[in-house]
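Protein chains in written order, with this note's numbering: chain A, 242 to 1125; chain B, 345 to 617.
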Amino acid sequence: MADETYKPPTAKATGADKTVHKALGLSGGIFGASPCAVDVKDGKIIRIRPLHWDSAYDPKTFNPWTIERNGKQLKPYFKSVPAPWSLAYKKRAYSPNRVNYPLKRVDWDPKGERNPQNRGKSQFERISWDEAAQIVADEVQRLCDTYGPLSILVQGDGHGECKMVHAPHGCSTLLLDKLGGFTQQIRNPDSWEGWYWGSKHVWGKGYIGMMAPNDNIVKDICENSDMVVMWGGDPETTTWGFRGQFASRLLYFWTEIGIKQVYINPDLNYAAAVHADKWIPVLPNTDAALQLAIMYMWMTEGTYDKEYVETHTVGFDKMKAYVLGEEDGTPKTPAWASPKCGIPTWTIKALARDWAKKVVTIGHYFGGGMARGPYSTEPARLECVLLGMQGLGKPGVHQAQVAYTGMPKNIITGGADHMGPFANLNSKPYGERLLKPHRGTPTAWGKQMIPKVLVEEAIRDGKCEFWGTGGHEEPTSDQYRRYEYPIAKEKGGTEIHRMWTDTPCRVTCWGGGGEVMEAFRNPKIEIVVAQHPWLENDTLCADIIFPVTTTLECDDISPCIREGDSFQSVVLMNRAIDPVGEARTDYHVVCAIAEKMGKLELVTDGFTDEELVRGTYEGMKFDTVTPWEEFVEKQYTVLPVAPDWEKWPAGLYEFWKDPVNNPIPTPTGKLEFWSESLEKAFPTDEERPGIPKWIEKGITHDERISSYRARKYPLLVMSNHGRWRTHAQGDDIPWTKETVTGKIKGWDGYWYEPCWINTNDAKARGIKQGDIVKVFNERGTVLCGALVWERIIPGCISVDHGARADFIDDDFTLERGGAINVVSPKGLTSKHAGGQATSGYLAEVAKVSMAEMEEWREKYPKAFERPYDPASGLRYDSWVKEGR
Amino acid sequence: MGKKVFVIDTARCNGCYNCQIVCKDEHVGNDWSPIAKPQPEIGQFWVHLQEKVRGTVPKVKVAYRPHLCQHCDDAPCMDACKVEGAVYKREDGLVVIDTDKCTGCRLCVAACPYDAIFFNEDLNLAQKCTGCAHLLDDGWGEPRCADACPTEALKLMDEDEAKELIAKAETVKGTYDSGAKPRVYYLGLPKKFIAGTLYEPVEEEVVIGAKATLKAADGKVLTTETDAYGDFWFEGIDDGVYSLELASAGKKVAFADLDTTEADINLGDIPLA
C-alpha cells in the first residue's frame, strides 16, 4: 500500500435506491473530468458526491505514484476532487430555465413571413417533436437544393458536458457531412490565443501552441524548480472545468517543499489569494512591457544562459537590438516599462535579478490577463524568449499549465499525444460515428469555413478572408495560408443561409457581443436552429429550438483520460433521471431530423447507443484493464499508473541536452526568437513582426491607457474565465451565486454579476460596495454589481466573461446580466491572428442611479417585466407564450 | 461511538466553497427527519464559508474560514430551549435539533453565540448543521462537507485521534462570551500582519537585507530582514500598537503608532532616504 494512512471509503448511497456515475467536468465531449457518484431516489437526484477511486477496487492495483522532495511526499488522492458546481449539478437539470418542449418563434413561418428582424425580440410557442423535426428536415432539404449544402453553418464546437456518444457539440455534422458537407464555424483558440498565434512561431506547433512535449513536468518542477512565476492564469479556477481541484493540492505541496510562487496578474486571483508568496500586480495586457524590461536587465547584466542562447536559439541579436533600443532608439528599461505596466522600476529589477538566480518555471492555467488581450501574440512569444534565455528544457525550467499536463502516465494512453488515445477508435467500424461530432472542436475540417471570430462579419459582408483557420491541431505553416469565405462556386461555395447551433453562447463568450446578436437578424439567414438544454444567450435568436437533455438524463460513457487528477479513469454513465420534459440528447435530435428525411441510417451507421458505449470502451482497449462485464457492474474503472512512468524525459529536456539531435519543430529546429518565415509571410505586419515587440496600438486595436479613447474610458477591463462557471456553463446554479464573488444583490432585487473595483477607483466615482454600476464604452453598456476591494489594482476593473446575457434594449447595446463581452473589442487578436481580444481593453464605470434605472424601465418596460427568479435568474417562461 | 470533533486547517482552505455547497446538496429538498428537515433553497448556510480580504494592494491575502454549528459541550441553545429533548447532544458530541420536537419558538436562534442556527419560516423550525448525523448513523465516517473538501482542510475526527491537533488549535469566539466549550477546532487562523517594501529612491532599487525591527507596546521586539524584493513581512502578530524601524547602511526610516487592532497594515513602497 502506497499510503499507510489509507482508509477505505465510508461514503455511500444513504437514502438512495440507485447510484450512477457521471463525469461532471465541463470541458467537453471527448475528454471527461471530475467523476462523481450520483445518488437517486424515486427518480429524483438526492446527492452528488466525489467518486472514491477505491470504492470498488483495491487501490494497490492502481500502482499509485509518489513524487518527493526534501523528504516530503506528494501522493495521489483516493477520490476525485470536483468543483463546487459539479457537486451542485442537479440544480442545472432542474433549472427553471430548461427548455421543456420543441419551440418555434411565434412570428417565424417557414411557408410565409420569416421576420428575421425580430430574432431575439419575439417569444416562442410550443410545437410537437414531429412538427419541429419535419420543419427542420424540410428546410435542410430546401437549402441543399436551393443553395447547396454549404449554405448551412454549423456552430458545433467548444466546451460542454463530458459525453462520448451523445456529444454535446457537432452531432449535426453526422447528417450534414453525408449530405455533401456544411460550413464549419472554426473554434479559434479561446483561452490561449497568444500561444497559438504567437508561441508557435518560436517553438513550433507545441501542444496547441503551448510548450511540448510536456511529459513529467509535474515531477520535474517538484524536484528541481526554486520558483514558479504564475503569469495570468488561475489554477484555482480554470482547472475546475477541466480537471477538478487536484492542482490545488499540488500548489500547497509546492509551498510545503519551499517552491516560491510569484503571481503576476492585475487581480489577486483565487490561486494568488491563498498560494502567493509574492503578488506583482500588472495592468491588464501590459505584460509585454514587463517582459521586455526583464530581458533588458538580463542582457545588460549578463545574467542569462549565454551558451544555451548560442546553441539553442536563433535571432537573439535582433531581439537584443530591439530590447537595448538599437533598433528603434528606445531601450526597454524598467523605467520605460514601469508607467506602461504599473509596476515600480525597483520591483521590475528585483524580479529580473531574483529570477536570474533561480531555477524558474512559468506557470499558467489558460485564461488570465496575459494571453487573451489585443496583440496577445506578443507577450506569449516574449515568454518563450524569457524561458529561452534561462535554458528552457533544463530541469525545472518549463512552461506549465499547472497539472493540466505532465502528470504520471497510465498504462493505456501512455505517451500518446493530445488526441492519440482516440486513434484506436478510428480503425473501428463505429469509429467515425463516435469521433466525427467531436472533431468540430479541435479540427478545421469543414469544406467551407468561417473562424468563430469572423462569423458576424462574414454574414454582414457576405465574405471574409483570414490567414490560418485557427483549428487547434493545425501546423504553424497553416497561419501563412490565406483562406476565403465563401470558397469558389465550382467547389460548392455559397453564402450561408442557415445557422445550426448547439453552442449558443457566442454572445457572452466571445468578443463583439451585440453585433453577434445583430448577425442573427440578417435577412440572408432564413432559419436559425438551436438545440440546447437551457433557454439562454444565442438560443433566444433561434427560430426553432430543440430541448436537449443534460448528462444526468442520458446513458453514455466518459473516458476521463486527461491528466490532471490523481488517476485517470473511465466512467460508465448510466442515466440518473428521466429526461426533463420532452428533452432528447443532442444526438437523438439529429436522429429525429434524419429520420424525417429518410436518412437515419446515414447518421447512426447502423449502431445502437448501447453498441457505441461498449464500442468506446473496447475500441480504446480499456477492457484490457477491467473486463466489460466487471466495468458494467462497477460503473467505472481506474487506469493503473504505468510502472515505468518516470521514464519519459521531462518537457524539453532532450532538446536542452542535445538540440542538434533533438530539434524542435521549427524551420531551424531551434527556438526562433526571430521567425524568418513569419516575417517573410507578412513583411509589412507591424502587429506581429518577426521578433515579438511591445505594440502600443495598431490598425486592429487601440486599447492602451495612452489612447485618446482613455480620456473617456480610462479603466482597463480585465476579464477572466469565471470562478463559478466554465465559460457560459453554470450561471443558473443558485448556490454558487450566494458566494461572495458569485453575484451581487442589487437594490432592485436583481442579482448582478460582480464588477471588481479597487477601493480608490470606487471612491473617486462615488461607488460603494453592492451598488449597481454600469461598465461602458462606445460599444455598449453592461450593468454589474460593485465588488469594492483590494483584490484588484487601481486603474483596472474585472468582470468574468460568460454571464447569461439579459438585454434591456432591442439593439443589444444595453445589457443587465453582466455579459461583459458586449463591450469588448470584436474581431481579431491582430490583423493576421484569429484569436479574440476579450481582456485588457478600455471602459469606464459609473454608479447607476435610481433615476437612470427608472428611465430604462419606462423606455424598455418589456425587459423589466420578464419573470425573474433571484436564485436561478432568468426563467424559461419569460420567453415562451403561455409559459409552461 | 467515540466523541467527534471538527478540525479545520484554515491554512489549507482554498476557498472553493465545496463544504457550503454540498451541505445544500445534502439538505435542500431532502428530508432527513428527525435529524433534519429540508433546508430552504437559498439563504441558509449550515456551513458558511467566511472570507476576509487582508491588507491593501499589493500586500493582500485572503483568509477563508468555514463557519458552522460549534456543537458546544455547554451549548447555549440547549440551555435556552424550553422543550425537553428538542435540542439534544448525541453520544458522539454532535448537537442536533429534533425536527419533531422543535416548536419554532426561536429561543435557540437568539441564544447561539455563533449565529449558526437559522429559522425556517415555512416549516416553523430552527435548523442548523447536524454534522450529517443521518449519514454517520448509516456508517459514514465523515459528513458531506469533509467528504467534498479537496484539500482535507475540513475533517470530522475522533477526539482521541485529534488530541495533538487540538493542542495546537484554537476555537473561535462568539458574539458574546458564552463559555460554551465549542467542539470545532481551527488551525492556522490568521492574526495580523505589518508589511511593506523598502527601496532606494535615487537608484530606484529595492533594499535587500535591511533590518526591520518591530516593537510592540509591551516592549516585545520582533526582527526580520527585507527579502529579494525589498519586502518585509511581520506575520502572525497580535492586535496592538507597534513602532517599526527599517535600517540599512546607516540610513533609517521609522514608523510609530501602527495599530493592527482593526486591520492588517501594508506600508506600501517606502523610500529609504
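For every residue, glycine included, the Cβ atom is placed at its ideal position computed from N, Cα and C.
In the DSSP annotation of this structure, asparagine 1001(A) is not part of any beta strand (DSSP E); the continuous alpha helix (DSSP H) holding it starts and ends at 1000-1005.
Taking C-beta atoms under 8 Å as the contact rule, methionine 959(A) and glutamate 804(A) fail to qualify, at a distance of about 29 Å. Nearest Cα to valine 397(B) within the set Pro534(B), Arg356(B), Asn362(B): Pro534(B). Counting along the chain, tryptophan 1097(A) sits inside no beta strand (DSSP E); it lies in the alpha helix (DSSP H) bounded by residues 1091-1100. Taking CB atoms only, isoleucine 1034(A) has a neighbour in chain B less than 8 Å away. For alanine 274(A), not one C-beta of chain B is nearer than 8 Å to its own C-beta.
With a threshold of 8 Å between beta carbons, tyrosine 511(A) makes contact with chain B. The C-beta distance from proline 1111(A) to tryptophan 992(A) rounds to 6 Å, short enough to fall under 8 Å. Scanning its chain for C-beta atoms nearer than 7 Å, with the 5 sequence neighbours on each side dropped, one finds around threonine 744(A) the residues Gln396, Gly397, Asp398, Gly399, His410, in chain order. Interface residue (Cβ-Cβ distance to chain A less than 8 Å): leucine 479(B) is classified as such. When Cβ-Cβ separations below 8 Å define contact, lysine 253(A) makes contact with chain B. With distances taken between CA atoms, arginine 484(A) lies nearest to Cys277(A) out of Cys277(A), Trp935(A), Gly892(A), Asn999(A). Chain A has no Cβ within less than 8 Å of the Cβ of isoleucine 352(B). When the five nearest sequence neighbours on each side are left out, the beta carbons in the same chain lying within less than 7 Å of the beta carbon of lysine 559(B) are those of Val565, Tyr586, Ser587, in order along the chain. Taking the beta carbon of tyrosine 493(A) as reference, the chain B residues within 7 Å of it are Arg356, Thr495, listed in sequence order. Looking at the backbone, the Cα of proline 788(A) and that of proline 343(A) are separated by about 6 Å.
As a beta-bridge residue in DSSP terms, proline 692(A) pairs with Ile427(A). Taking C-alpha positions only, lysine 581(A) is separated from glycine 856(A) by approximately 56 Å. For cysteine 421(B), not one C-beta of chain A is nearer than 8 Å to its own C-beta. Here phenylalanine 389(B) is not bridged, per DSSP, to any residue. Membership of arginine 288(A) in any alpha helix (DSSP H) is not indicated; the residue belongs instead to the beta strand (DSSP E) covering 285-291. Listed along chain A is no residue with a C-beta nearer than 8 Å to that of asparagine 468(B); the closest approach is about 22 Å.
Chain A places no beta carbon closer than 8 Å to that of aspartate 459(B), leaving this residue out of the contacts. Residues of chain A whose Cβ lies closer than 8 Å to the Cβ of asparagine 374(B) are, in chain order, Gly256, Ile287, Arg288. Contiguous beta strand (DSSP E) elements confined to the region 849-934 of chain A occur at 877-880, taking only those with 3 or more residues. In the structure shown, threonine 400(B) falls within a strand segment according to DSSP collapsed to helix, strand and coil. Going by DSSP, tyrosine 437(A) is part of no beta strand (DSSP E) at all; its letter is neither H nor E. If you look at valine 281(A), you'll find it isn't in any alpha helix (DSSP H); it sits in the beta strand (DSSP E) that goes 276-282. Apart from the 5 residues on each side of it in sequence, methionine 560(A) sits with its Cβ closer than 7 Å to the Cβ of Val626, Phe914, Trp915, Ile932 in its chain, given in chain order. If you look at glutamine 382(A), you'll find it in the alpha helix (DSSP H) that goes 370-387. The contact set of valine 322(A) on chain B, defined by CB atoms closer than 7 Å, consists of Pro494 in chain order. For chain B, the residues of the region 469-488 of chain A that bring a beta carbon within less than 7 Å of one of its beta carbons are Glu477, Gln486, in chain order. With a threshold of 16 other beta carbon atoms within 10 Å, tryptophan 869(A) falls short and is exposed. Distances from the CA of valine 1089(A) to each of Asp784(A), Thr1022(A), Lys320(A) were compared; the closest alpha carbon is that of Thr1022(A). The alpha carbon of phenylalanine 487(A) has as its nearest neighbour, out of Thr646(A), Asp508(A), Ala591(A), Lys1009(A), the alpha carbon of Thr646(A).
When Cβ-Cβ separations below 8 Å define contact, isoleucine 581(B) makes no contact with chain A.
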